[in-house]
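In order, the protein sequence lines correspond to chains C and E. Just so we're aligned, residue 1 is where the first sequence starts under this note's numbering, counting upward by one. Just so we're aligned, residue 1001 is where the second sequence starts under this note's numbering, counting upward by one. Yeah, the Cβ is synthetic: ideal placement off N, Cα and C, and Gly gets one too. The structure presented is a predicted model; accordingly, all values stated were derived computationally and were not measured. For reference, the structure is listed below as structure tokens.
There are 2 protein chains.
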Amino acid sequence: MPAPIDFYFDFSSPYGYLASEKIEAIASKHGRSVDYKPILLGVVFKQTGAAPLTNVPLKGDYSRRDFMRSARLLGVPFRMPDKFPISTQVAARIVLWMSETNVEAARTAMHELYRAYFSRGMDISDPATAVALAAQAGGIEAGTIAAAVESAPVKDGLRRANEEAMAAGVCGSPYMIVDGEPFWGSDRLDQVDRWLATGGW
Amino acid sequence: MPAPIDFYFDFSSPYGYLASEKIEAIASKHGRSVDYKPILLGVVFKQTGAAPLTNVPLKGDYSRRDFMRSARLLGVPFRMPDKFPISTQVAARIVLWMSETNVEAARTAMHELYRAYFSRGMDISDPATAVALAAQAGGIEAGTIAAAVESAPVKDGLRRANEEAMAAGVCGSPYMIVDGEPFWGSDRLDQVDRWLATGGW
Chain C
1 MPAPIDFYFD
11 FSSPYGYLAS
21 EKIEAIASKH
31 GRSVDYKPIL
41 LGVVFKQTGA
51 APLTNVPLKG
61 DYSRRDFMRS
71 ARLLGVPFRM
81 PDKFPISTQV
91 AARIVLWMSE
101 TNVEAARTAM
111 HELYRAYFSR
121 GMDISDPATA
131 VALAAQAGGI
141 EAGTIAAAVE
151 SAPVKDGLRR
161 ANEEAMAAGV
171 CGSPYMIVDG
181 EPFWGSDRLD
191 QVDRWLATGG
201 W
Chain E
1001 MPAPIDFYFD
1011 FSSPYGYLAS
1021 EKIEAIASKH
1031 GRSVDYKPIL
1041 LGVVFKQTGA
1051 APLTNVPLKG
1061 DYSRRDFMRS
1071 ARLLGVPFRM
1081 PDKFPISTQV
1091 AARIVLWMSE
1101 TNVEAARTAM
1111 HELYRAYFSR
1121 GMDISDPATA
1131 VALAAQAGGI
1141 EAGTIAAAVE
1151 SAPVKDGLRR
1161 ANEEAMAAGV
1171 CGSPYMIVDG
1181 EPFWGSDRLD
1191 QVDRWLATGG
1201 W
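See the structure below:
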């Protein structure tokens, strides 16, 4: 079985959302699976000195336009959330915790959370909202999820995941690693496809 | 005659160089020309808070790898310069000044300067080097160019060009505007091609 594609993302990243809607079809075309790795971009930004794109002069206007245009090009439903960016600790912890016992349920919850935020205007930084979405997606009792995301091991797990991501070179979202080769950005999906097909160029 | 493609770039930008090798073929396919607009990214960075990619933790390693990989994918000769980034005032002023009287000569000099830096390892921040390259490319006496780039109107012209670029939204290099639609990055060349073919999506 060839190695999965590592897919690092933050739940507040529009480009992460767009790529999450496309990466599985690319992976499965080449007999690969996707290993979703939620991280907190805020921790990465402390290293890189970056800020959320929409808050940056000049880049803010461009990026809002590019989010919409990229979504149309990829055919992915997208609505710029009113509240942006948001805290994503709870959503990240939920997916991380669910992945430990049921990867499929975690994947379903991940898509549900991303779509709720970027196409249905829901505020997934609200813990009750995030937990309810994950509970329905994963068929898990909401109280169990709510308790898990506040537990020390899960909190530590996300901190460790962030450290491991930066150790792997992750500098943004989405950040995809294919057989050791890193690709940053949803505009690299075609290159990921090509790399998988050819083994490099 | 349809409007030219505005192509904003800094001579120290690897992605600007890569795109400069491809944009004319895309433009001419659609009956367009390219209006090359040299700017100083340092001035833009003061607005956006950005820094040269290679100096940024995490992004530095990624970008050096991506420069090479992007160049191979596009089939453009590329060698990472030992001295990077460099000051590009002189090269920018040369092309700006030449454009006023002979657009074709300016275009030839632009390619010559970019290739000297990114494929032949020459230091075009050295005024004598930049002037000599432009003199040969444009068939102009070196002394004439050297005097022009130190003249107040040409210096003012570049300052004005930077201001105009930022007023047009330019937030990086290359930054291409097609019929009012902005595209940032050499990884947007396919989108520029598609936009020209379809008028948008």
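According to the Cβ coordinates, are residue i and residue j closer than 7 Å?
i: Ser173(C); j: Phe9(C); result: yes
i: Leu1113(E); j: Leu1133(E); result: yes
i: Asp1035(E); j: Asp187(C); result: no
i: Val1178(E); j: Trp1195(E); result: yes
i: Arg1093(E); j: Val1043(E); result: no
i: Ala1109(E); j: Met1098(E); result: yes
i: Gly1214(E); j: Pro1182(E); result: Because chain E here runs from 1001 to 1201, residue 1214(E) falls outside it and cannot be looked at.
i: Ser33(C); j: Pro4(C); result: yes
i: Leu58(C); j: Thr1048(E); result: yes
i: Asp156(C); j: Ile26(C); result: no
i: Ala152(C); j: Val131(C); result: no
Should residue i be flagged as near chain C, meaning a C-beta pair shorter than 7 Å?
i: Pro1085(E); result: no
i: Lys1037(E); result: no
i: Val1002(E); result: Per the sequence shown, residue 1002(E) should be read as Pro rather than Val. Closer than 7 Å: no.
i: Thr1198(E); result: no
i: Pro1057(E); result: yes
i: Thr1048(E); result: yes
i: Arg1159(E); result: no
i: Pro1006(E); result: Note that residue 1006(E) is Asp in the sequence shown, not Pro. Not an interface residue.
i: Trp1195(E); result: no
i: Trp1201(E); result: yes
Report the CB separation of residue i from residue j in whole angstroms; it is logged as a contact under 8 Å.
i: Leu974(E); j: Val1154(E); result: A question about residue 974(E) goes unanswered here, because the residues of chain E that appear run from 1001 up to 1201.
i: Leu1041(E); j: Ser1013(E); result: 6 Å
i: Asp1066(E); j: Lys1037(E); result: Not quite, the Cβ-Cβ distance comes to about 24 Å (not below 8 Å), so this is no contact.
i: Ile23(C); j: Met176(C); result: 7 Å
i: Pro127(C); j: Pro85(C); result: Rounded, the Cβ-Cβ distance is 17 Å, inconsistent with contact.
i: Ala167(C); j: His30(C); result: About 26 Å separates the two Cβ atoms, so there is no contact after all.
i: Pro81(C); j: Phe45(C); result: So it is not a contact: roughly 19 Å between Cβ atoms.
Any beta carbon from chain E within less than 7 Å of residue i's own beta carbon?
i: Val154(C); result: no
i: Asp10(C); result: no
i: Arg64(C); result: no
i: Leu73(C); result: yes
i: Trp184(C); result: yes
i: Asp187(C); result: yes
Who are the neighbours of residue i on chain D, taking C-beta pairs under 7 Å?
i: Asp61(C); result: No chain D appears in the structure shown, which is made up of the protein chains C and E.
For this session: Evaluate contact between the segment 112–124 of chain C and the segment 163–171 of chain C, counting only Cβ atoms and requiring at least three cross-stretch pairs below 8 Å.
Result: no
Exercise. Counting pairs of Cβ atoms below 8 Å between the segment 68–85 of chain C and the segment 17–26 of chain C, do you hit three or more?
Worked result: yes
Exercise. How about the segment 128–139 of chain C and the segment 98–105 of chain C: do they share at least three Cβ pairs that are nearer than 8 Å?
Worked result: yes
Problem set entry | Ranges of the alpha helix (DSSP H) found wholly within the segment 1006–1081 of chain E, counting only runs of at least 4 | 1014–1020, 1023–1029, 1041–1048, 1059–1074
For this session: Output the residue ranges of the alpha helix (DSSP H) runs that lie fully inside the segment 1111–1168 of chain E and measure 4 residues or longer, sorted by chain position.
Result: 1127–1138, 1142–1149, 1152–1167
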